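Chemist: Before I ask anything, here is the structure I am working with.
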Amino acid sequence: MNQKDSTKPLILARDRSRAASDLDANALLIAEFEYIAQTAFQATEDRSRATTLYLVTTGSLIAAILSTQVEQLQATDTYWSFAILFCGLSFFSLLTLLQLARLRIAWLSSVAAMNHIKQFYIEHSQQPDLERAFLWNVRTLPTASKPWSVASLLMLQVALLGGLSAGAAIIFFGLANQLQAWWWSGASVIGGSFFFIQIGLYYALLRRNEGTKEQTNQRTKEQRRKS
32 MNQKDSTKPL
42 ILARDRSRAA
52 SDLDANALLI
62 AEFEYIAQTA
72 FQATEDRSRA
82 TTLYLVTTGS
92 LIAAILSTQV
102 EQLQATDTYW
112 SFAILFCGLS
122 FFSLLTLLQL
132 ARLRIAWLSS
142 VAAMNHIKQF
152 YIEHSQQPDL
162 ERAFLWNVRT
172 LPTASKPWSV
182 ASLLMLQVAL
192 LGGLSAGAAI
202 IFFGLANQLQ
212 AWWWSGASVI
222 GGSFFFIQIG
232 LYYALLRRNE
242 GTKEQTNQRT
252 KEQRRKS
């Protein structure tokens, strides 16, 4: 084996190290940050679309009822049809609320990932006051179940319409069966119960995600301490 052949591995290793050094970590982090920002924006857009779809569906059904003639509205078959439609609308409100919960969690996950990248830059930056430039960081990230947020208000809007739909289904069910004694009180109880059940389910899902997130953060901190 001549000297020229023995120097080839050294040249290849040197080229590889030079190519690795040419990789810009900042470009990778910027691309990752922009992608995460896009996912956060998409979660907000999907939340608006899901709420709008439910509102349009509810408004269309109410418009159909108002446009029905009085003679047709007093028919038993019409009562049954509206009872079934409002039951379906109540179930649709529950699905919409679950979507809002998942989209809220997805948005918070994206924001947490963005803050993680910002924290990395803060820890490795030569500017000691860089953290002051960011209002949102890992410690100031809003909670998933923050009251009076846009997500919470949209949830209340959907839950309210879902409760009214459940109550309307009971009313039309009573009209279809010619029950005049209990269906108004039954509609109030079932509609109100369904309203609060949806709210409880929404916040239960968000708080469960907060608990899982805290456990993950604790495990990450323990692993960093051990390393």
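Residue numbers (this note's numbering): 32 to 258.
Ideal placement from N, C-alpha and C gives every residue a C-beta, glycine not left out.
Here the structure is a predicted model, which means the values were calculated and not measured.
Can you tell me whether ILE67 is buried or exposed? The criterion is at least 16 other CB atoms within 10 Å of its CB, across all chains shown.
Modeler: buried
Chemist: Excluding five sequence neighbours on each side, which residues of the same chain lie with their C-beta closer than 8 Å to the C-beta of SER52?
Modeler: Bear in mind that the predicted position of SER52 carries a pLDDT of just 47, short of 50, making it unreliable; the figure below should be weighed with that in mind. Around SER52: no qualifying Cβ.
Chemist: Please go through the stretch 156-228 and give each complete alpha helix (DSSP H) segment of 4 or more residues, from N-terminal end onward.
Modeler: Counting only runs that start and end inside the stretch 156-228, the alpha helix (DSSP H) elements of at least 4 residues fall at 181-207.
Chemist: Name the residue from PHE203, THR82, GLU65 whose alpha carbon lies nearest to the alpha carbon of ARG135.
Modeler: A check of alpha carbon separations from ARG135 across PHE203, THR82, GLU65 identifies THR82 as the nearest.
Chemist: By the DSSP assignment, the alpha helix (DSSP H) with SER79 in it spans what residues?
Modeler: 56-97
Chemist: Suppose you measure from the CA of GLY198 to the CA of LEU128; what does that come to, to the nearest Å?
Modeler: Taking the straight line from one Cα to the other gives about 18 Å.
Chemist: Apply the 10 Å Cβ neighbour rule to LEU210 and answer buried if 16 or more other Cβ atoms are within range, or exposed otherwise.
Modeler: exposed
Chemist: Report the option in SER79, LEU120, ALA74, ARG133 whose CA atom is closest to the CA atom of PHE225.
Modeler: The shortest C-alpha separation from PHE225 is found at LEU120.
Chemist: Given ILE230, which residues of its chain have a CB within under 6 Å of its CB, disregarding the five upstream and five downstream residues?
Modeler: These residues qualify, in order along the chain: ALA190.
Chemist: Can you check which of these residues, GLN73, GLU241, VAL220, GLY90, is closest to SER124 by C-alpha distance?
Modeler: Selected option, being the one with the closest Cα: GLY90.
Chemist: Report the rounded CA-to-CA distance for GLY205 versus TRP214, giving the unit in angstroms.
Modeler: 5 Å
Chemist: Grab me the residues of ALA200's own chain with a C-beta within less than 6 Å of its C-beta, minus the 5 sequence neighbours each way, in chain order.
Modeler: So the qualifying residues of the chain are ALA114, PHE117, CYS118.
Chemist: For ALA74, collect the residues of the same chain with a Cβ closer than 6 Å to its Cβ; drop the 5 residues on either side in sequence, then sort them by chain order.
Modeler: Closer than 6 Å at the Cβ level, and outside the excluded window around ALA74, lie LEU134, ALA137, TRP138.
Chemist: Identify, in the order they occur along the chain, each residue of the same chain with its Cβ nearer than 8 Å to the Cβ of SER112, setting aside the five sequence neighbours on each side.
Modeler: none
Chemist: Confirm, please, whether the CB-CB distance from GLY194 to GLY217 is below 8 Å.
Modeler: no
Chemist: For THR107, which of TYR152, PHE203, ALA58, ARG80 has the nearest alpha-carbon?
Modeler: PHE203
Chemist: Decide if GLN254 is buried, meaning its Cβ has at least 16 other Cβ atoms within 10 Å, or exposed.
Modeler: Per-residue confidence for GLN254 stands at a pLDDT of 48, beneath the threshold of 50, marking its modelled position as unreliable; the derived number appears in the next sentence. Within a 10 Å sphere around the beta-carbon of GLN254 sit fewer than 16 other beta-carbons, which makes this residue exposed.
Chemist: Using the three-state DSSP reduction, which class does ASP53 fall into: helix, strand or coil?
Modeler: Summary for ASP53: the model assigns pLDDT 46, below 50, so the residue's position carries little reliability, and this model does not support an answer.
Chemist: Indicate the three-state DSSP secondary structure (helix, strand or coil) for SER106 in the structure shown.
Modeler: Sequence check: residue 106 is Ala here, not Ser. Note: ALA106 maps to coil in three-state DSSP.
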